[in-house]
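Residue numbers (UniProt numbering): 1 to 200.
In this text, a Cβ means the ideal position worked out from N, Cα and C, and glycines have one as well.
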Amino acid sequence: MRTVTDPDTEIRRIAAVMQAAKTKGELGEILAREVKRFSRYDLTVISARVRQEVELLPKPYREKFRPYAEKWFFGRYHELLKCDREGTWQQMLDPITDRQTFDKFCRMIPDACLRDNPDAPYPGENETMVPFYLLFYYLLSAFAMYVRDEPGHPEGTPFPGGFFVHRKKGKYYCAIRDKEEEIWHSICNYCPALQDPENI
């Protein structure tokens with residue numbers, strides 16, 4: 001577990017280091033380094049929170065959404081560490097796609113992680129770690145959106161109304177891409193997916 005006395009300073013430092021990355025490989029290496037700082041206990045707490053959020057969803061949507069929530073947490077986490085173990089970053093020399101949006105994403109992270117009232121309480125007793133648990137979400141999202149150029153919500157993620165994240169002719173489309181603007185800390189505002197024209 002981290003031994004940080006000032007989450008504000010530490011999270012702002014991490015966001016600044018992320019923003020300084022020039023290539024996808026540099027960013028991936030930074031993200032892997034930060035993700036590896038989370039202990040098994042931290043991962044257990046974060047995993048419990050993900051499951052908690054899924055359980056709050058109405059049936060039958062909940063059962064359709066569950067595997068994609070697990071793919072977001074377990075899948076991306078393990079994929080990030082796999083890339084790190086295999087030395088993938090050294091081959092990823094392409095610049096970060098959509099630099100302007102990426103910079104905005106990095107500037108948003110500290111305030112999002114340090115906000116007073118997260119959407120729902122985290123399990124466990126270590127409240128000082130909550131900003132870092134929120135950071136974990138943004139680290140994995142950055143890996144998907146700016147290293148892999150994938151949507152924040154994994155391809156196939158369903159949404160109410162029969163919509164889902166899908167790819168067509170090399171581009172990703174999402175039913176809620178432009179629907180979350182009022183939620184300033186939502187990853188949807190920084191996602192490479194395009195708004196699904198079927199749900200304008």
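- Between leucine 114 and isoleucine 11, the beta carbon gap of about 7 Å places them in contact (Cβ cut-off 8 Å).
- Under DSSP, leucine 194 shares a beta bridge with Tyr173.
- Judged by DSSP secondary structure, histidine 166 falls within the beta strand (DSSP E) whose first and last residues are 166–168.
- Cα atoms of serine 39 and proline 95: separation of roughly 31 Å, rounded to the nearest angstrom.
- Per the coordinates, the alpha-carbon of arginine 167 lies some 16 Å from the alpha-carbon of tyrosine 68.
- One alpha carbon belongs to alanine 144, the other to proline 7, and they sit about 24 Å apart.
- By DSSP's assignment, proline 95 forms a beta bridge with Thr23.
- When DSSP states are grouped into helix, strand and coil, phenylalanine 102 belongs to the helix group.
- A residue is called buried once 16 or more other Cβ atoms fall within 10 Å of its Cβ, and arginine 13, having fewer, is exposed.
- Counting C-beta pairs with one atom in each stretch, the segment 160–174 and the segment 80–90 have fewer than three that are closer than 8 Å, which means they do not touch.
- For leucine 114, there is no enclosing alpha helix (DSSP H), since its DSSP letter is neither H nor E.
- When DSSP states are grouped into helix, strand and coil, proline 131 belongs to the helix group.
- Excluding residues up to 5 positions away in sequence, Leu80, Cys83, Asp84, Thr88, Trp89, Met92, Phe143, Val147 lie with their Cβ nearer than 8 Å to the Cβ of glycine 28 in the same chain.
- In the DSSP assignment, aspartate 84 falls within the unbroken alpha helix (DSSP H) covering 76–85.
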